[in-house]
Amino acid sequence: MGLITAVTVLCETNGFRLFDNIRQAASYAGLDAVPKESGKFKGRTGISKKGNAAIRQCLFMPALSAANHNKNMQAFYTGIVERNPQIKRKAIVACMRKLLTLVFVLWKKEEEI
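Letter 74 of the sequence shown, counting from 1, is numbered 140 in our numbering, and no numbers are missing.
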């Protein structure tokens, strides 16, 4: 993850001041899982997209790069894709959430990224 991405995430979240845990931050970014249901219709689960689109946009390419080049993230990504090869995009979204979690934890602990 580059400097511009980290600064964008921190600016859009106001330094994570409003969030007590990662679930709140993921929900704010729109990376929380919600069921797509209405009445008797039960659709697939997807991300809410009700949060900050700028955070999702700036995390996409770093997540894609990490899934290809970082050993830990690559193992995480391939573990998801091996279970179901048709959900590569969902695996990238899971990597995006994992990157957001990483930034959140490092910022709260005041460590370098």
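Backbone N, C-alpha and C define an ideal beta-carbon position, used for all residues, glycine too. In this text, all values refer to a predicted model and were calculated from it rather than measured experimentally.
Item to check | Any beta strand (DSSP E) of 3 or more consecutive residues that is wholly inside the segment 89-126 | outcome: 99-104 and 107-113
Item to check | Check whether I113 and L125 have beta carbons under 8 Å apart | outcome: no
Checklist entry - In its own chain, which residues sit with a C-beta less than 6 Å from the C-beta of R163, not counting the 5 before and 5 after it? => result A92 and L97
Checklist entry - Anyone know if the C-beta pair for E78 and N118 falls short of 8 Å? => result yes
Checklist entry - DSSP on L181, reduced to helix/strand/coil? => result Absent from the model: residue 181. The displayed extent of the chain is 67 to 179, so no value can be given.
Checklist entry - Buried or exposed: where does V171 fall if 16 or more other Cβ atoms within 10 Å of its Cβ makes it buried? => result exposed
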